[in-house]
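Worksheet: the structure to be examined is printed underneath.
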Ligand SMILES: Nc1ncnc2c1ncn2[C@@H]1O[C@H](COP(=O)(O)OP(=O)(O)OP(=O)(O)O)[C@@H](O)[C@H]1O
Ligand SMILES: [Mg+2]
């Protein structure tokens, strides 16, 4: 067998496959780019479950004219210049590959952008290599922001495309769950999602979901999950006394809440690090989730073993980026913490407050 170098196009396809595995991954990357651009309003549109096109419009900072040539080039990023910058950056993105990978797997990508100082927005076509062309003026952005539209995702990867078609409905459900995760962690951002269909020449039908800007996470809980659940939960923010750089912010069921409302299974667990959704199942902190389950059920007198369901959990670990590593998996949803015992301790303190054990109740009398 001879060893030879892969051609550039094959390399691009192989790379893109790691990040952009499905429409859900595309949405995640686009959402994160909009949040990194400090958008306070994000609109997503899916035509035919995203199989026709996916569009995201934000009111973020927009892309400077001088940066547009390399916006979708692989390894071009405005967020990181040295590897060590990872210790200080707060942005979701840092690899400079998401947009490029999206271009590789889409039939066509169109980017429209405007900064506050630009007199008018400009629209660009972006090809597979991430090269922009065909610049024209557009009046689709009033102040500042960016619109990214990608057509026919995975059209050039038949197996992925077939899978995307087969899983279209379940993917849209997952998109909704993903949006909920980001919407919950960002009270100050309005999120909207429209699903449209235009099949068979029939009149297009639209279905829109909106999370408005809210004052607090508690209000977001009420809007996203209903006032009944919101009434049965409480927020707690605890900062480590010895090491004030670590804060844990939680919304958890009250100790007298109705389990039929707060116990909904794994889909109601929202685990974050600095507002980045993290996969608690893969995370080294998954014990925290099972601890909360046990303490809550203990507090309300439910048999822990007979009921594996999880209560509603919102938990955000706020800690400087130098205290953890997010560059672990392609999708950045796994985080390795340097001082996980500190996090366990602080969560335990919160749980002792919300769900006092019999001994604690006795001593507090
Ligand atoms: N919605 C947006 N608004 C403003 N700038 C954007 C937007 N989307 C992308 N950009 C710019 O394009 C660059 C490339 O985006 P891309 O998502 O490919 O990489 P990244 O976010 O830097 O890193 P990662 O690959 O980890 O997401 C960003 O660094 C940012 O400067
Ligand atoms: Mg990005």
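In UniProt numbering, the protein residues as written are 1 to 365. Just so it is clear, CB atoms sit at the ideal spot from N, CA and C, and this is done for glycine as well.
Comparing alpha-carbon positions, which option in the options lies nearest residue i?
i: residue 291; options: 346, 319, 154, 160; result: 346
i: residue 89; options: 308, 276, 175, 315; result: 276
i: residue 25; options: 63, 97, 287; result: 97
i: residue 296; options: 342, 317, 315, 356; result: 356
i: residue 114; options: 92, 349, 94, 137; result: 137
i: residue 54; options: 92, 109, 141, 73; result: 109
i: residue 92; options: 340, 7, 333, 119; result: 333
i: residue 45; options: 72, 150, 80; result: 150
i: residue 315; options: 94, 119, 218; result: 218
i: residue 340; options: 287, 157, 140; result: 287
i: residue 318; options: 156, 72, 244, 40; result: 244
i: residue 52; options: 271, 33, 198; result: 198
i: residue 72; options: 326, 33, 282, 118; result: 33
i: residue 119; options: 157, 156, 194, 64; result: 64
Taking the alpha-carbon positions, what's the residue i to residue j distance?
i: residue 58; j: residue 35; result: 9 Å
i: residue 163; j: residue 242; result: 51 Å
i: residue 31; j: residue 175; result: 11 Å
i: residue 354; j: residue 87; result: 33 Å
i: residue 249; j: residue 330; result: 26 Å
i: residue 299; j: residue 273; result: 27 Å
i: residue 125; j: residue 111; result: 7 Å
i: residue 100; j: residue 308; result: 42 Å
i: residue 10; j: residue 152; result: 20 Å
i: residue 221; j: residue 29; result: 24 Å
i: residue 66; j: residue 190; result: 29 Å
i: residue 43; j: residue 196; result: 13 Å
i: residue 279; j: residue 269; result: 10 Å
i: residue 186; j: residue 2; result: 52 Å
i: residue 266; j: residue 289; result: 10 Å
i: residue 257; j: residue 351; result: 15 Å
i: residue 284; j: residue 19; result: 22 Å
i: residue 320; j: residue 27; result: 26 Å
i: residue 301; j: residue 70; result: 59 Å
i: residue 322; j: residue 139; result: 42 Å
i: residue 116; j: residue 264; result: 44 Å
i: residue 142; j: residue 203; result: 29 Å
i: residue 7; j: residue 68; result: 26 Å
i: residue 168; j: residue 255; result: 40 Å
i: residue 177; j: residue 82; result: 34 Å
i: residue 146; j: residue 40; result: 12 Å
i: residue 166; j: residue 282; result: 27 Å
i: residue 156; j: residue 216; result: 43 Å
i: residue 230; j: residue 188; result: 18 Å
i: residue 173; j: residue 158; result: 23 Å
Can you list, in chain order, the residues of its chain whose CB lies under 8 Å from that of residue i, leaving out five sequence neighbours each side?
i: residue 224; result: 180, 183, 184, 211
i: residue 171; result: 22, 23, 24, 49, 50, 164
i: residue 240; result: 246, 247, 342, 345, 346
i: residue 349; result: 238
i: residue 226; result: none
Between which residues of its own chain and residue i is the CB-CB distance below 6 Å, once the five residues before and five after are set aside?
i: residue 365; result: Here the model assigns residue 365 a pLDDT of 48, short of 50, so the residue's position is not dependable, and the following value carries that caveat. Around residue 365: no qualifying Cβ.
i: residue 77; result: 96
i: residue 160; result: 154
i: residue 228; result: 261
i: residue 74; result: 97, 100
i: residue 235; result: 218, 251
i: residue 206; result: 194, 196
i: residue 271; result: 278, 280, 315
Near residue i, which residues of its chain fall below 7 Å by C-beta distance, leaving aside the five closest residues on each side in sequence?
i: residue 253; result: 232, 233, 262, 296, 311, 312
i: residue 324; result: 273, 335, 336, 337, 338
i: residue 304; result: 294, 297, 298
i: residue 135; result: 122, 124
i: residue 80; result: 86, 89, 94
i: residue 327; result: 86
i: residue 259; result: 300, 302
i: residue 47; result: 53, 196, 198
Just to check my reading of the structure: residue i and residue j have Cβ atoms closer than 8 Å, yes? What is that Cβ distance to the nearest angstrom?
i: residue 208; j: residue 192; result: 6 Å
i: residue 84; j: residue 60; result: Their Cβ separation, rounded to whole angstroms, is 26 Å, which puts residue 84 and residue 60 out of contact at 8 Å.
i: residue 56; j: residue 148; result: 5 Å
i: residue 144; j: residue 62; result: 4 Å
message = Taking 8 Å as the cut-off, does the region 129-140 touch the region 101-118 (at least 3 CB pairs, one atom from each stretch)?
response = yes
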